[in-house]
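Asker:
Protein chains: 2
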Amino acid sequence: MSGKGPLAGIRVLDATGVIVGPTSTLLLAEQGADVIKVEPPEGDLMRKLGGKAPAGKPGMSPKFTHFNRNKRSIMLDLKSPQGREVMLRLAATSDVFVSNMRPRALKSLGLTWEALSAINPKLVHCTIAGFATGGPYDGAPAYDTIIQGLSGVAACNEAMLGEPRFAPFVLTDHIVGIIAAQAICAALVARERSGEGQAIEVPMFENAAAFVLSEHLGQRTFDPEGTMGDPRIMTPDARPMRTKDGYICVSANTDAQARGFFEAIGRPELKDDPRFKDVPARLAHVKDYFGLRAQALQERTTAEWVELLRRHDVPAMPYHTLTSLLDDPQLRGSGTLTREDGEDWMLGLRHANRYSGSGLPPSRLAPRQGEHGEEILAELGYDAAERARILGKESAA
Amino acid sequence: MSGKGPLAGIRVLDATGVIVGPTSTLLLAEQGADVIKVEPPEGDLMRKLGGKAPAGKPGMSPKFTHFNRNKRSIMLDLKSPQGREVMLRLAATSDVFVSNMRPRALKSLGLTWEALSAINPKLVHCTIAGFATGGPYDGAPAYDTIIQGLSGVAACNEAMLGEPRFAPFVLTDHIVGIIAAQAICAALVARERSGEGQAIEVPMFENAAAFVLSEHLGQRTFDPEGTMGDPRIMTPDARPMRTKDGYICVSANTDAQARGFFEAIGRPELKDDPRFKDVPARLAHVKDYFGLRAQALQERTTAEWVELLRRHDVPAMPYHTLTSLLDDPQLRGSGTLTREDGEDWMLGLRHANRYSGSGLPPSRLAPRQGEHGEEILAELGYDAAERARILGKESAA
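Top to bottom, those sequences are chains X and S. Its first residue numbered 1, the first sequence is counted upward by one per residue in the working numbering. Its first residue numbered 1001, the second sequence is counted upward by one per residue in the working numbering.
(1) What do you reckon, are the CB atoms on residue 156 of chain X and residue 1164 of chain S nearer than 8 Å?
(2) To be precise: take each residue of the segment 162 to 175 of chain X, compare its Cβ to all Cβ atoms of chain S, and keep it if any distance is under 9 Å. Which residues remain?
(3) In three-state terms, what does DSSP make of residue 1238 of chain S?
(4) If the cut is a Cβ gap below 7 Å, which residues of chain S does residue 157 of chain X touch?
(5) Give the straight-line distance between the Cα atoms of residue 84 of chain X and residue 77 of chain X, rounded to the nearest whole angstrom.
(6) Quick one: give me the first and last residue of the alpha helix (DSSP H) that residue 398 of chain X is part of.
(7) Excluding the 5 residues flanking residue 397 of chain X on each side, which residues of the same chain have their C-beta closer than 8 Å to its C-beta?
(8) Using DSSP with H/G/I as helix, E/B as strand and the rest coil, what is residue 1018 of chain S?
(9) On the DSSP bridge assignment, give the partners of residue 126 of chain X in chain order.
(10) Going along the chain, which unbroken runs of the beta strand (DSSP E) with 3 or more residues stay wholly within the segment 1227 to 1297 of chain S?
(11) Going along chain X in order, which residues have a C-beta closer than 8 Å to the C-beta of residue 1101 of chain S?
(12) In the DSSP assignment, find the alpha helix (DSSP H) that holds residue 385 of chain X and state where it starts and stops.
(13) Determine which residues share a DSSP beta bridge with residue 12 of chain X and list them.
(14) Using a C-beta to C-beta distance shorter than 7 Å, which residues of chain S count as neighbours of residue 136 of chain X?
(15) Are any of the Cβ atoms in chain X nearer than 8 Å to that of residue 1320 of chain S?
(16) So, for residue 1294 of chain S: in the same chain, excluding its five sequence neighbours on each side, which residues have a beta-carbon less than 8 Å away from its beta-carbon?
(17) Take residue 1103 of chain S as the anchor and find which of S:1202, S:1308 and S:1312 has the nearest alpha-carbon.
(18) Considering Cα atoms alone, identify which of S:1036, S:1021 and S:1002 is closest to residue 1010 of chain S.
(19) So which residues of chain S does residue 245 of chain X contact, with C-beta pairs closer than 9 Å?
(20) Examine chain X for any beta-carbon lying closer than 8 Å to the beta-carbon of residue 1108 of chain S, and answer yes or no.
(21) List in chain order: all unbroken alpha helix (DSSP H) runs of 4+ residues lying wholly within the segment 42 to 110 of chain X.
(22) Looking at C-alpha atoms only, which residue of S:1072, S:1209 and S:1267 is the closest neighbour of residue 66 of chain X?
(23) Where residue 21 of chain X and residue 1249 of chain S are concerned, what is the direct C-alpha to C-alpha distance, given to the nearest angstrom?
(24) At 7 Å on the CB atoms, spell out the chain X contacts of residue 1228 of chain S, in chain order.
(25) Thinking just about the alpha-carbon of each residue, which of S:1355, S:1231, S:1002 and S:1335 is nearest to the one in residue 1159 of chain S?
(26) Taking Cβ to Cβ, would you say residue 1370 of chain S is nearer than 8 Å to residue 317 of chain X?
(27) Could you list the residues in the segment 1369 to 1384 of chain S with a C-beta less than 7 Å from some C-beta on chain X, going in chain order?
(28) What in chain X is Cβ-close to residue 1160 of chain S, meaning under 7 Å?
(29) Please classify residue 1074 of chain S as buried or exposed, where buried requires at least 16 neighbouring CB atoms within 10 angstroms.
(30) Compare the C-beta of residue 1141 of chain S against all C-beta atoms of chain X and say whether one is closer than 8 Å.
(31) What number of angstroms, rounded off, separates the C-alpha of residue 1040 of chain S from the C-alpha of residue 1184 of chain S?
(32) Quick check: what's the CA-CA separation for residue 1141 of chain S versus residue 315 of chain X?
(33) How many angstroms separate the CA atom of residue 1116 of chain S from the CA atom of residue 368 of chain X?
(34) Is it a yes or a no for the segment 211 to 227 of chain X touching the segment 267 to 280 of chain X, going by three-plus beta-carbon pairs under 8 Å?
(35) Of the residues that make up the segment 188 to 203 of chain X, which ones have a beta carbon closer than 9 Å to any beta carbon in chain S?
(36) Between which two residues does the alpha helix (DSSP H) containing residue 161 of chain X stretch?
Structure below.
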């Protein structure tokens, strides 16, 4: 449904780069906020780091493209007095300021909450930090893999795989970016009700560790000697299971589903097996339960199982490879993955949620570096000569 | 900093269970919303499924505890006319309604957006669905592992590990829950500005697939024959690296960091090696670059490397096991992981973000099943006899 989006009328001044910050402002931009991406003269690092850009589109790497749609871009050298002057004018007209700079950099550029709230007390000022201020790691540089290793993400893989491995995603950047967008909107709700802005600090490490530990503190929660790690997740048999011709994912956690599964595999007598009679019993015999499932599923094709299990009300779906995912009829049908109109060839993504009242704004491709500099400066009231000076086009003007 | 939280004054009617829904309302509860968790007579399944509850605290599994703090609980049988009547009175006084029921169940219980907006047009009504409505999978049951298998999470593990594996988390539930909380707050911002509520649909599959593909559409973005998967992530050498006495995580992506790394390992001549001179070069020779790093790091201890790399401005941190994470001074110091006061033994988690203006409300333990039924009914204006009848305490009254 087209519309303006729930965040129409909200302006976001986005001084972030790479993944964590752009993830957070992507959600806001998709929801209709006017996100102004301020890029340094060399551009967001992700323009080059995110894969090979197509011919004729320098700086438009695939990953940059997917994390920056619906935003506007202006190039500013925040180390120059002129760049800072534009930045302050932008901050005065914005509802939200987001950065993932370290505190020292923020201070040297004059972009702290103290500085910006003095000119715009209604501003929501969000700093995505590596670590909460005041702790021993305060101000240390944080990158996704470092946070994955430090926060237990890699440790969970070790528990499951036998060796420390990262998740195959920029996982903590990506998750903490979403968390930052949530925190920003919560602060906007508060501002709409109180009239007051505030500073938010979103630390990557603490958020990632809480994500991991909420799932895996396990018995240690209540017992200083308790074991950690959710056994239902860590068991080696919790995985897509082989069928005659591929893989299938089956979820049979409730008693009714477990009984349906035993019916479907032609082993109804297992319904009365004390090892499998209820959730605690199956948890205690998780290896037996998963092993039995893995064994049985090899006897039919994936399509046969999906159909048969559905008839017994047991949730099951095929396993997608990355390539087969692109042809999924649900994903294409919902428009979440779509061929971009007017592009030679481009597969784009869309915000997946639906809003009955505000709808969503039309989707726009990620901006070229500095693409909207001229129009943004004009909106701020800079005349043509000033715009040319700021954008370094004196000779062209 | 103590306070009321950015969502103070917002009431959330929470008809969710297990992980995806409780994840979304946990964030809202931590931020000060009054989250009323409506549990069926048998309780949230996670009370039993989430690990062993301590003696004397039935239904308080570790995982339930971590995903439900700061909430209030009331037990209602939504299939009874009486339970539904209470539910409608709650909906009339709430700002947000969240459920992860399937559309059919929502309809049969009279809890659709159409029904609830008729009594409370300012309501934000959020349905966390498996799949977007209208597509071929519409209404199919969705569980985390099924969504991991279908959305490409398991496929990314196959690309990295050689076999389909799930992530060692209830990953899509956990991420989509955060996304739902973000969407709810965006709709609350819209409501504060327009006065109107709306329905939100948050589909798990589409959100999870967009999460995966935004990172891994890769060259397929611009080329129908292009390869998928981010090679920097999928390379087998992207992992915590062995040192003399353990593991370390190092991030050396920028040119300055790469040069610092070559200095630190005593190989300054590599700074001029054309394979490693800039981001595109290192990307093209990612196996060489990571292999070289893995080799060099085995020569010193983790602590020695962290110190040495820091001196060369190369981001590096030790690798934590799940157990060593519990003793991390930053995590303990920030209060994100904390021993609960007044409990015999309990390790609890806290919201990691900081809000300078609204602060955060005091943290409260997860509720026992139905713990707040009496007080919630009293707030709704039910007299003692009605409360006793609704809560099934006729004999005790």
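Backbone N, C-alpha and C define an ideal beta-carbon position, used for all residues, glycine too.
Answerer: Let's see:
(1) no
(2) 163, 164, 165, 166, 167, 168, 169, 170, 171, 174 and 175
(3) coil
(4) 1168
(5) 8 Å
(6) Past the edges of chain X, shown from 1 to 397, lies residue 398 of chain X, and the structure says nothing about it.
(7) Any answer about residue 397 of chain X is weak, because its pLDDT of 37 lies below 50 and its placement is not dependable; what the coordinates show is given next. Result list for residue 397 of chain X: 384, 385 and 388, in chain order.
(8) coil
(9) X:98 and X:200
(10) 1247 to 1250
(11) The premise fails here: residue 1101 of chain S is roughly 15 Å from chain X at the closest Cβ pair, so nothing lies under 8 Å.
(12) 384 to 390
(13) X:35 and X:96
(14) 1329, 1330 and 1333
(15) yes
(16) 1237, 1241 and 1242
(17) S:1202
(18) S:1036
(19) Those do not exist, as residue 245 of chain X stays about 14 Å from chain S at its closest Cβ, beyond 9 Å.
(20) no
(21) 46 to 49, 62 to 67, 81 to 92 and 103 to 108
(22) S:1209
(23) 22 Å
(24) 322 and 323
(25) S:1231
(26) no
(27) none
(28) 168
(29) buried
(30) yes
(31) 23 Å
(32) 6 Å
(33) 44 Å
(34) no
(35) 188, 189, 190, 191, 192, 193, 194, 196, 197, 198, 199, 200, 201, 202 and 203
(36) 153 to 161
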